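The sequence shown lines up with residues 340 to 638 when you count with my numbering. These notes are about the structure you will find just below.
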Amino acid sequence: QAVNQVKALVASEGIACDLEETPQVKAAVTERHAVALQAEVAMLEHLGFAAPCHDAGAMARIAPVPYEAGLCYPHSALLNPVLLCRELKRIVLAAGVRVHERTPVRGLTPGNPVTIALGDGTLTARRVVLATNAYTAQLGLLQGQVIPIHTHVIQTERLSDAQLARVNWPRRTPFFEAGRIFNYFRLTPDNRILFGGGRPLYKSGEGDRRSGATDVADPRVWQAQAEMFSRRFPALADVAISKRWSGAVGMTADHLPIVGEPDGVPGVFFAGGWNGHGVAMATASGATIAELMLGRGAA
């Protein structure tokens, strides 16, 4: 439903974010992963979702990497999250919303009204929405419930037609591998390979072990990703890595997001803990938060 909501929003608002409707495939690296995918297919069918499973032969026809099997999610899509954020900002500015960037929030005091401590003053409001995800614990809220886990990504230089022809990638399908620690990769619109995943990192916050550090980057993870990229794409040994970045993902113990009013925090609404699925879920949750703030729904 969230994916469909985002697609509808992009269409209705004319959002330029490189949206590309394409299935997504979870790939089985081992036979054990392949068995687990079959169990997932059965579960999805029971819930009313069609998600066909490809065997190794079918995967060989669509995947640039050999895999034991693959589970296809047909109603997926790709987009550029940075462009989506910029377009959403454009839309709210046109609607008369005031946006104050580079205004650090140091903390907040719940109540009626809620008081927000800024870098050089305070702000009061009847209701406040925290869309701070993995950074929320640094405000003293949801500590131990939303955990910042850091993921790293590398991106290649643009592939030439000849380089792209060396790999078997006829449908430009994005792939992510099964397993707790997995890799994922896709082609950008200008034919760069975005390759992420690998070892996730957690680092305690300085002076506060309950909050977790943010903005963590480890060159060793990027190096390991580059080595894994070389193993997955040996035919692209001459393709250079042009960009590297990392980001904090808000994880929860039950792998479900938190949307609503946290207990004991009057006037404050929260939407976060997307567990790596925030592009669709976070965008679509805007409507849910609006309904909750207006008293039309229940958390």
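Each residue gets a CB set at the ideal place from its N, CA and C atoms; glycine is no exception. Bear in mind that the values here come from a model prediction, so they are computed numbers and not experimental data.
In this structure the segment 596 to 609 does not lie against the segment 508 to 515, because fewer than three pairs of beta carbons, one per stretch, are closer than 8 Å. The beta-carbon distance between proline 539 and isoleucine 488, rounded to whole angstroms, is 5 Å. This is short enough to meet the 8 Å contact definition. Each residue's CA atom was taken as its position, placing phenylalanine 534 and glutamate 359 some 18 Å apart. Separation of proline 573 and histidine 594 (C-alpha to C-alpha, rounded to the nearest whole angstrom) is 34 Å.
Burial is judged here by how many other beta carbons sit within 10 angstroms of a residue's own beta carbon; lysine 582 has fewer than 16 and is exposed.
Excluding sequence positions up to five before and after arginine 497, its CB lies within less than 7 Å of the CB of Asp529, Asn530, Arg531, all in the same chain and listed in chain order. Under the criterion of beta carbons closer than 8 Å, proline 452 and serine 415 do not qualify as touching, at roughly 42 Å. When only Cα atoms are considered, alanine 347 and leucine 427 end up about 14 Å apart. Under DSSP, the beta-bridge partners assigned to lysine 582 are Gln494. Distance between leucine 478 and threonine 448, taken at the CA atoms: about 10 Å. Counting C-beta pairs closer than 8 Å gives three or more between the segment 405 to 415 and the segment 370 to 381, which meets the contact rule.
Taking a cut-off of 8 Å on C-beta distances, the segment 453 to 466 does not touch the segment 559 to 573, as fewer than three cross pairs fall below it. Looking at Ile430, Leu575, Asp459, the one whose alpha-carbon comes closest to that of serine 499 is Leu575.
Secondary structure note for leucine 410: it is in no alpha helix (DSSP H), and the uninterrupted beta strand (DSSP E) holding it is 408 to 412. The DSSP-derived three-state label of cysteine 392 is strand.
Taking the CA atoms as reference points, glutamate 440 sits about 21 Å from glycine 617.
Ranking His491, Gly483, Leu480 by CA distance to the CA of valine 555 puts His491 first. Between leucine 422 and cysteine 356 the beta-carbon gap is near 4 Å, inside 8 Å, which marks them as a contact. The criterion of a C-beta distance shorter than 9 Å is satisfied by valine 485 and methionine 590.
Per the coordinates, the alpha-carbon of arginine 570 lies some 26 Å from the alpha-carbon of valine 588. Put simply, of Arg549, Ile520, Gly546, Leu526 the residue whose alpha carbon is nearest the alpha carbon of glycine 537 is Ile520. The DSSP-derived three-state label of arginine 538 is strand. For leucine 503, same chain residues with a beta-carbon under 7 Å away, outside a window of 5 residues either side, are Asn530 in chain order. Under DSSP, isoleucine 597 shares a beta bridge with Gly611.
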